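Participant: Numbering (the UniProt record's numbering), first residue to last: 1 to 205.
Here a beta-carbon is modelled for each residue, glycine too, at the ideal position from N, C-alpha and C.
If you're wondering where the values come from, they're calculated on a predicted model, not measured in any experiment.
Sharing a structure with you now.
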Ligand code: SAH
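Below is the structure:
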């Protein structure tokens with residue numbers, strides 16, 4: 001998977017490559033999906049949601065410039081897989097999931113796989129996780145109509161927010177916001193992507 005889909009497509013970040021070689025992706029999908037776990041595509045995880053394609057997980061983590069000694073927030077825990085990859089690199093990982101059943105199973109899978117530095121909360125992630133802020137990086141794994149103000153404000157100065165943004169709910173532009181000052185963010189457009197919708201107070205209704 002890593003040689004062909006990740007390194008083969010130009011991901012160079014050594015932390016990302018090493019982390020993705022380590023995390024057992026089959027531990028984050030149902031037993032019926034385990035033969036397909038390393039395929040080059042997303043997979044259903046229940047509740048109409050998906051575990052992202054491996055390349056997209058790598059692309060977002062590389063874009064967020066995650067390294068050791070960092071505190072990272074993920075919105076959209078889903079299966080827990082991306083949080084596990086991030087936890088192989090960063091010291092502290094916080095992840096929020098709005099679906100009770102998905103949040104509970106992500107927590108159980110992360111615990112079973114030994115990822116004790118990942119904290120899972122079931123809540124509306126468009127509001128972030130203010131108690132643990134500020135974050136060096138925030139990764140949003142669902143498509144938003146616009147960038148939630150709460151997430152911008154929970155970034156540390158120099159911190160990066162990676163988020164798919166688009167005004168229709170099926171295609172988005174993967175966007176990186178870097179906080180460059182107390183009231184200043186710099187925005188870059190990285191790629192065209194397709195994510196499930198981010199639903200919440202500062203997302204889709
Ligand atoms: N990172 C996940 C991919 C999850 S797909 C993985 O590795 O498996 C996106 C997830 O975002 C879905 O599980 C969906 O329920 C969740 N989501 C959508 N809106 C949300 C919100 N406002 N807060 C938290 N999670 C949300």
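Would you call residue 227 buried or exposed, if buried means 16 or more other Cβ atoms sit within 10 Å of its Cβ?
Facilitator: Not covered by the structure: residue 227. The range shown for the chain is 1 to 205.
Participant: Which partner residues of residue 144 appear in the DSSP bridge assignment?
Facilitator: 165
Participant: What residue range does the alpha helix (DSSP H) around residue 103 cover?
Facilitator: Residue 103 -> alpha helix (DSSP H) spans 100-112.
Participant: Quick check: is any heavy atom of the ligand SAH less than 6 Å from the C-beta of residue 100?
Facilitator: no
Participant: Distance, Cα to Cα, residue 125 vs residue 200?
Facilitator: Per the coordinates, the alpha-carbon of residue 125 lies some 7 Å from the alpha-carbon of residue 200.
Participant: Check for me: the beta strand (DSSP E) holding residue 94 runs from which residue to which?
Facilitator: 92-97
Participant: Given residue 204, which residues of its chain have a CB within under 7 Å of its CB, disregarding the five upstream and five downstream residues?
Facilitator: The beta carbon of residue 204 lies closer than 7 Å to those of 145, 169, 197, 198 in the same chain, with the five residues before and after it left out.
Participant: Name, in chain order, the residues that DSSP records as bridge partners for residue 17.
Facilitator: Its beta-bridge partners do not exist; DSSP assigns none.
Participant: Ends of the beta strand (DSSP E) at residue 149?
Facilitator: Unbroken run through residue 149 is the alpha helix (DSSP H), 149-153; no beta strand (DSSP E).
Participant: So what does DSSP say about residue 34, is it helix, strand or coil?
Facilitator: helix
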